[in-house]
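Worksheet: one structure, shown below.
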Amino acid sequence: MRRSPSRRQLLQGVSFASIPALAARLGSARSGSPATTSPPTTTATPSSTDAPVDDLDAWLADANGYGGQFRNVGYDDLVEVLVGHPIEGDGYAFDPPAVTVTPGTTVVWRWFDHGGPHNVVAVDGSFDSGDATDQPNETYSHHFETTGEYPYVSEPRRDDGLKGVIRVRKAPESGYPDLDHWLIYVDGWDGTLADRTGLDTVTVTVGSPGNGGNFAFDPLALKCSTGTTVAFEWTGDGGAHNIGFQGDIEKSDIYSESGRHFEVTFDEPGVYPYACYPHEAIGQRGGIVVEE
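If you're matching positions, the sequence shown starts at -5 in the working numbering and goes up one per residue.
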């Protein structure tokens, strides 16, 4: 199936529904003191006097609920992490355990009523919720301004894998701000465009590893020339996928079987964001930049 976009289909501002932010509900709050109606906020300043985590990957290897990927939460100014979330077996986790945010983000930890008392303590001492508590819906918040990696634990269950990390990074910059905003939530987005200029046909794989499963496109974003046909080839992994572009380009059908099921020829320069509708909420987005 082949589609050719018209000039009206050029990006005029991304209008897909944005991925819902991790819940921003606020309940009782704490910072080593009795709960209040709004969470106190502190600002991270990594300490050079405390022992650092030299190998973050190794440190996270036994973190409960960690599958090897960070959850990117983009430009949200408030992010929630659940404390003591039950996992398969008898363990408990921070959910999500590994999060990438941009400077200026406030992270709120919310307690589950599971696994006994917990607290939230940065390994470098830059934030500390105080004494462990098992009060459900208790919250503790921390504001991150400085880039860096902030591993933290629940002291009572540190040796049982109840650990996590907040990674603070500047948002990737590709030179196309609308595309950067569109892809900020997507695992692996670093601002790099695969250069496919000068080719008549290029292929994008649908259902590649990413976003917690086979929920990614490969390449995630590419640059091609006007007149190029982009062919989308399904791997057959990750369930059923489709391709839906911004604007008037007709979307593909939904396919679960492997094969080349959809093509688009781009005759007009512009930025073309797209997504797999069934998995957009977990980050299956992509983008194509077309140059003359």
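Ideal Cβ positions, reconstructed from N, Cα and C, are used throughout, including at glycine.
Please read these numbers as outputs of a predicted model, since none were measured by experiment.
Excluding residues up to 5 positions away in sequence, L50, V159, R161 lie with their Cβ nearer than 7 Å to the Cβ of E143 in the same chain. In the three-state DSSP reduction, E274 falls in the helix class (H, G or I).
Taking one beta carbon from each stretch, the segment 211 to 229 and the segment 262 to 281 have 3 or more pairs nearer than 8 Å; the two touch. Residue state for D189 is assigned as strand, using DSSP reduced to three classes. Within the model, the alpha-carbon separation for G206 versus G61 is close to 7 Å. In the three-state reduction of the DSSP assignment, H136 falls in the strand class. Secondary structure note for H255: its beta strand (DSSP E) is the uninterrupted segment 253 to 260. With a 10 Å radius around the Cβ and a threshold of 16 neighbouring Cβ atoms, G98 comes out exposed. Note that the segment 261 to 281 touches the segment 190 to 207; at least 3 beta-carbon pairs, one per stretch, sit closer than 8 Å. Every alpha helix (DSSP H) stretch that sits fully inside the segment 109 to 178 and reaches 4 residues is listed by chain position as 171 to 177. Cα atoms of T96 and K164: separation of roughly 5 Å, rounded to the nearest angstrom.
Here the alpha carbon of T140 sits roughly 34 Å from the alpha carbon of C270.
It is roughly 25 Å from the alpha-carbon of D107 to the alpha-carbon of V67.
The way I'd put it, the segment 188 to 201 does touch the segment 220 to 237; three or more beta-carbon pairs between them come closer than 8 Å. Assignment of beta-bridge partners to V283 by DSSP yields K217, V265. Residue environment: T100 is assigned as buried (16 or more neighbouring CB atoms within 10 Å of its CB, all protein chains considered). Minimum Cα-Cα distance from G109 among the listed residues R152, S250, D184, T186 corresponds to R152. Note on geometry: alpha-carbon atoms of Y179 and L54 lie some 21 Å from one another. Under DSSP, the beta-bridge partners assigned to S202 are A210. Separation of D48 and V147 (C-alpha to C-alpha, rounded to the nearest whole angstrom) is 16 Å.
Exposure of T186 is indicated by the presence of fewer than 16 other C-beta atoms within 10 angstroms of its C-beta.
Beta bridge pairing from DSSP links A87 with H79. In this structure, D189 sits near L216, with a CB-CB distance shorter than 9 Å.
Assigned with DSSP and collapsed to three states, A52 falls in helix.
Around the CB of R254, fewer than 16 other CB atoms lie within 10 Å, so the residue is classed as exposed. When the five nearest sequence neighbours on each side are left out, the beta carbons in the same chain lying within less than 6 Å of the beta carbon of W103 are those of V75, V77, V114, Y134, in order along the chain.
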